[in-house]
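Visitor:
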Amino acid sequence: MNENRPIVLLYPPLSDPTQPYSSLPTLTGYLRSRGFKVIQKDLSIELFNELLTSAMLIEARSAAIQKAKNINEPMEEKYLERFYGIIGLSDYIVEHLDEAKGLMRDKKQFYDIKRYHWAATILRLACDLVSLPYHPTLLEPSNYESESELSFQDLMEATSGRNDNLFFEIFKQKVVPQILAMNPLLVGISITYHFQIVPAFTLSRLLKSASPELHVNIGGAVIQRMESYLLNDPTCFQFADSFVSGEGETAMLTLAMNILSGEETRSVPNLISKIDGRPYAYNLRWYEDIKSLPCPDFDGLDLEQYLSPEPVLLLSSTRGCYYGKCAFCDVSNNTRTVFRQMESKQFIANVIKLYQKYGAKCFFFCDDAMPPANMHEIAKLVKDRLHNITWQTEARFEKMMTSAFLATLKIGGCRQLIFGFESASQRVLDAMKKNNSIKNDIEILTACSANGIAVNLQTFIGFPTETREEAWETVNFLINNERNIASYGFGIFILQKDTPVYKEPQRYCISNISAKETIFDSWDCDYVPLSGMSRDDTKRESKIALEKLAPIYEMRTFYLSTAVGAHSLLHFSHHDYDAIYQMWKEMDTPHWQDSADMDELVLIVSPTILFSYPSDNTHSFSHRAICSQTGDQFYLSPNEQKLLDLCDGKHTVGEITSLWVIEQSQELDTQVLLLARAFAIIREFLRNGLVRKLDIKKSLMDG
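The sequence shown finishes on residue 1570 if you use my numbering, and the numbering steps up by one all the way, no holes.
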């Protein structure tokens, strides 16, 4: 290929800051192997690093303060609550931001779980602070929350420079000029997650505005869910010239060749474009021969910019799901007839190449479900040739996963398995067509734990016909088996188009199916269950369940890249599972247990606690505190704050509670209730380390 103009591939914000996603390197490897010059840019990590600097935080704080002065209450009550919850901690966040980022890249400090927890908290708070002027938009390390409902009209408004669009100005002033300076033949934007849509479409719209003749293409997993909208509404082409719905290697290659030759895009597989003023698509079910695909190419991505002490790379050995029969899953329905896998030699060669070229020793094998035979092959490779490689993958519970098989995986580098457990009710599993036995699943789970392999269980409640009692079988299973479960995912059933449940509503006892008015292709349909829990019941039980589960798993799901990402793999690779479990338990253990002589305790506020206060003391919002050693956060009501202020090292708990109760009320009956409440609050202060025991009064007097 003699064309010197590059294809520019972009991954939009915001996604995982701990590792590169696989879509760009996969496309880059393919296009470079066909002779094209490719520039790939992970804008997600680039802008994450640009936004999270002390200078940007200080600028955001100033803008947030100005916004607070100009707001019209009570319309912006939520903004003030968020403002007062973060602004008082801003000096501490700014001061320690670089330290927290450095810790995430430090090969020693990263593995100190308590220090890691502190650094992750600082980074989450920094994201909150830098996005505060754009409220209600909230930036998180791996998420971008906005109030967009994602109808076409809403998407137009959200990408037009509205004051809640965090990325608009930085795209317009910096990113777009940089891209246009590359003189690209074609720009491709790959979207993986729904929360990348507003940033991605903002970028594409700005590129088209600045350079109308430039061909901008948008693809990625999300676009396939927008297929019906794109095929029926030509106004979507205000954002881009074309969209790839499905796999993109051949599509991007053919599109680039057509642009070079000046041909129309009629014969580009998996492409939706506008021809003669109307949306046009050709062969939207094109599937690649993955045996002919080259190894992903990460050249051009600075792997040291990610927040990890060493690279963790995503790589797949298959496309599609080898099982493909789950009643709730649209992935299985769309791909089960086209499940494909590489030859084992090819997959192993890719692992070796990435290990040798980039020094990658940790891999997330991101198959929809990795076949056990492939796991065995990679374990054999590690055992025989690459002894220091570790890995994680998604899997199904299979009968062949005996203790001996799992022991082989552990020796061969496996450190974490992510299972679609779904439910602990055998009847519900059977209704889902999972073809799993709870008895066998428990045996595999126990064997994983015995062999030191961390397990993540993905679960949900609310499948049609499921009762409350069956839902709580799943919740109680997560509670009672926490020793063998490193982490969990928990959600509620979502009805998706083209799943067996959607296609056979009578069989699954649902009715009144209707699609929501969004740009998505019926990803979350409304429906009415005819038996079992109602949808409101499911939401209520889910909320109660999460309140019970969160304290148990809090320390295990705190990783910056979620409980199944790069950081969990790195920690499981560095620490033995039993050892890391004990670290979790130590962090979960209360700092103080109840005592008969509590009345005589003398308390003082922990010196490691910082507080934020409303600047004018006219608002009743909870105050926010952070422990500078652990990163633990606390929320205090104004009355709790007053009680805490009395813990000054000069009064016993009995005296503190009496002073606080008298201030609250002069009524004797009310004082009795307040006294019990005061003791309960102080117990929580002690348990969470907000205050520490100085000594009992008698000892002070003796001293």
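Even for Gly, the Cβ is constructed at its ideal location relative to N, Cα and C. Small disclaimer: the values here were computed from a predicted structure and weren't measured.
(1) Is residue 901 helix, strand or coil by DSSP?
(2) What do you get for residue 1137, buried or exposed, if any count of 16 or more other CB atoms within 10 angstroms of its CB means buried?
(3) Helix, strand or coil, according to DSSP, for residue 1567 in the structure here?
(4) Are the CB atoms of residue 1299 and residue 1206 nearer to each other than 9 Å?
(5) Would you decide whether residue 1152 is buried or exposed? Buried here means 16 or more other CB atoms lie within 10 Å of its CB.
(6) So what's residue 1505 in DSSP terms, helix, strand or just coil?
(7) For residue 1035, which residues from the same chain have a beta carbon less than 7 Å from its beta carbon, with the 5 sequence-adjacent residues on both sides left out?
(8) Would DSSP call residue 1254 helix, strand or coil?
(9) Could you check which residue in 1381, 1331, 1367 and 1349 has the C-alpha nearest to that of residue 1401?
(10) Tell whether a beta-carbon distance below 9 Å holds between residue 1280 and residue 1245.
(11) Would DSSP call residue 1322 helix, strand or coil?
(12) Rounded to the nearest angstrom, how far is the Cβ of residue 1321 from that of residue 1353, given a contact under 8 Å?
(13) If you follow the beta strand (DSSP E) that residue 1307 is in, where does it begin and where does it stop?
(14) Identify every residue that forms a DSSP beta bridge with residue 1285.
(15) Grab me the residues of residue 1563's own chain with a C-beta within less than 7 Å of its C-beta, minus the 5 sequence neighbours each way, in chain order.
(16) How close, in whole Å, do the beta carbons of residue 998 and residue 1005 come, if the pair is a contact with beta carbons under 8 Å?
(17) Per DSSP, which one or two residues make a beta bridge with residue 1357?
(18) Counting C-beta neighbours from all protein chains within 10 Å, is the total for residue 963 16 or more, i.e. buried, or is it exposed?
(19) The beta strand (DSSP E) with residue 1142 in it runs from where to where?
(20) Report yes if the CB atom of residue 1209 is closer than 9 Å to the CB atom of residue 1239, and no otherwise.
(21) Taking a contact to mean a Cβ-Cβ separation below 9 Å, would you say residue 1098 touches residue 1146 in this structure?
(22) Below 8 Å, how does it come out for the region 1442 to 1451 and the region 1529 to 1548: are there three or more Cβ pairs, yes or no?
(23) Please list, in chain order, all residues of the same chain as residue 1131 whose beta carbon is under 8 Å from its beta carbon, the five residues on each side excluded.
(24) Please classify residue 1223 as buried or exposed, where buried requires at least 16 neighbouring CB atoms within 10 angstroms.
(25) Is it buried or exposed for residue 1283, if we count other Cβ within 10 angstroms and need 16 for buried?
(26) If you draw a straight line from the C-alpha of residue 1079 to the C-alpha of residue 1108, how long is it?
(27) Please list the terminal residues of the continuous beta strand (DSSP E) segment that includes residue 1476.
(28) Based on the DSSP secondary-structure assignment, which residues constitute the bridge partners of residue 1472?
(29) What residues in its chain sit with their C-beta under 6 Å from that of residue 1356, if we drop five residues either side in the sequence?
(30) Quick check on residue 1254: buried or exposed, where buried means 16 or more other Cβ atoms within 10 Å of its Cβ?
(31) If we call anything under 9 Å between Cβ atoms a contact, is residue 1392 one with residue 1362?
(32) Going by DSSP, which residues form a beta bridge with residue 847?
(33) For the region 1388 to 1460, which segments carrying the beta strand (DSSP E) assignment without a break, of at least 3 residues, lie completely within its bounds, in sequence order?
(34) Have a look at the DSSP bridge pairing and note the partners of residue 1494.
(35) CA-CA distance, residue 1442 and residue 1334?
(36) For residue 1191, name the three-state secondary structure that DSSP assigns.
Guide: Here's the rundown:
(1) Taking the first residue of the sequence shown as position 1, residue 901 is located at position 34. Under the three-state reduction of DSSP, residue 901 is assigned to coil, being neither helix nor strand.
(2) As a first step, residue 1137 is located in the sequence shown; it is residue number 270 there, counting from the start. Around the beta carbon of residue 1137, 16 or more other beta carbons sit within 10 angstroms, so the residue counts as buried.
(3) Counted from its first residue, the sequence shown places residue 1567 at position 700. Low confidence applies to residue 1567: its pLDDT is 39, below 50, so where it sits in the model is not reliable enough to give any reading.
(4) Here residue 1299 corresponds to residue number 432 of the sequence shown, with the count starting at 1. Here residue 1206 corresponds to residue number 339 of the sequence shown, with the count starting at 1. Against a cut-off of 9 Å, the Cβ pair of residue 1206 and residue 1299 comes out as no contact.
(5) In the sequence shown, the residue the question calls residue 1152 occupies position 285. Residue 1152 should be labelled exposed.
(6) One-based indexing of the sequence shown puts residue 1505 at position 638. Correct three-state label for residue 1505: helix.
(7) The residue you call residue 1035 lines up with position 168 of the sequence shown. Answer for residue 1035: 1028 and 1069, listed in chain order.
(8) For the purposes of this step, residue 1254 is taken as residue 387 along the sequence shown, with counting starting at 1. Coil at residue 1254, not helix or strand.
(9) The residue labelled residue 1401 in the question sits at position 534 within the sequence shown. Minimum Cα-Cα distance from residue 1401 among the listed residues 1381, 1331, 1367 and 1349 corresponds to 1331.
(10) In the sequence shown, the residue the question calls residue 1280 occupies position 413. In the sequence shown, the residue the question calls residue 1245 occupies position 378. In this structure, residue 1245 lies closer than 9 Å to residue 1280 by Cβ.
(11) Reading the sequence shown from its first residue, position 455 is the one you call residue 1322. Three-state result, residue 1322: strand.
(12) Numbered from its first residue, the sequence shown carries residue 1321 at position 454. Numbered from its first residue, the sequence shown carries residue 1353 at position 486. Rounded, the Cβ-Cβ distance is 4 Å, consistent with contact.
(13) The residue labelled residue 1307 in the question sits at position 440 within the sequence shown. Element bounds for residue 1307: not the beta strand (DSSP E) but the alpha helix (DSSP H), 1305 to 1317.
(14) Along the sequence shown, read from residue 1 onward, the residue named residue 1285 stands at position 418. Beta bridge pairing from DSSP links residue 1285 with 1261 and 1323.
(15) Along the sequence shown, read from residue 1 onward, the residue named residue 1563 stands at position 696. For residue 1563, the predicted structure reports a pLDDT of 49, less than 50, and the residue's modelled location is therefore unreliable. A value from the coordinates is still provided. Taken in chain order, the residues that qualify are 1464, 1467, 1468 and 1469.
(16) The count along the sequence shown starts at 1 and reaches residue 998 at position 131. The count along the sequence shown starts at 1 and reaches residue 1005 at position 138. So it is a contact: roughly 6 Å between Cβ atoms.
(17) Taking the sequence shown and counting its residues from 1, one reaches residue 1357 at position 490. Answer is 1326.
(18) Mapped onto the sequence shown, residue 963 falls at position 96. Residue 963 should be labelled buried.
(19) Residue numbering aside, residue 1142 sits at position 275 when the sequence shown is read from its first letter. Start and end: 1138 to 1142.
(20) Along the sequence shown, read from residue 1 onward, the residue named residue 1209 stands at position 342. Along the sequence shown, read from residue 1 onward, the residue named residue 1239 stands at position 372. Cβ atoms of residue 1209 and residue 1239: not closer than 9 Å.
(21) Counting from 1 along the sequence shown, the entry for residue 1098 is found at position 231. Counting from 1 along the sequence shown, the entry for residue 1146 is found at position 279. Contact: yes.
(22) Taking a contact to require three or more Cβ pairs closer than 8 Å, the region 1442 to 1451 and the region 1529 to 1548 do not qualify as touching.
(23) As a working note, residue 1131 is residue 264 in the sequence shown. Hits under 8 Å: 1125 and 1142.
(24) Walking along the sequence shown from the start, residue 1223 turns up at place 356. Sixteen is the threshold: since fewer than 16 other Cβ atoms of the shown chains lie within 10 Å of the Cβ of residue 1223, the residue is exposed.
(25) Here the question's residue 1283 lines up with position 416 in the sequence shown. That one is buried.
(26) Residue numbering aside, residue 1079 sits at position 212 when the sequence shown is read from its first letter. Residue numbering aside, residue 1108 sits at position 241 when the sequence shown is read from its first letter. Straight across, the Cα-Cα distance linking residue 1079 with residue 1108 is about 10 Å.
(27) For the purposes of this step, residue 1476 is taken as residue 609 along the sequence shown, with counting starting at 1. Unbroken beta strand (DSSP E) run through residue 1476: 1476 to 1478.
(28) Against the sequence shown, residue 1472 aligns to sequence position 605. Residue 1472 is bridged to 1558.
(29) Translated into positions along the sequence shown, residue 1356 becomes position 489. Closer than 6 Å at Cβ, skipping near neighbours: 1325.
(30) As a working mapping, residue 1254 is identified with position 387 in the sequence shown. It counts as exposed.
(31) Working through the sequence shown from its first residue, we reach residue 1392 at position 525. Working through the sequence shown from its first residue, we reach residue 1362 at position 495. A contact, by the Cβ cut-off of 9 Å.
(32) Here the chain covers residues 868 to 1570 and nothing more, so residue 847 does not appear.
(33) Listed in chain order, they are 1393 to 1396.
(34) Here residue 1494 is taken as the residue at index 627 of the sequence shown, counted from 1. According to DSSP, residue 1494 bridges with 1476.
(35) The count along the sequence shown starts at 1 and reaches residue 1442 at position 575. The count along the sequence shown starts at 1 and reaches residue 1334 at position 467. Roughly 40 Å separates the two Cα atoms.
(36) As a working note, residue 1191 is residue 324 in the sequence shown. Residue 1191: coil per DSSP, three-state reduction.
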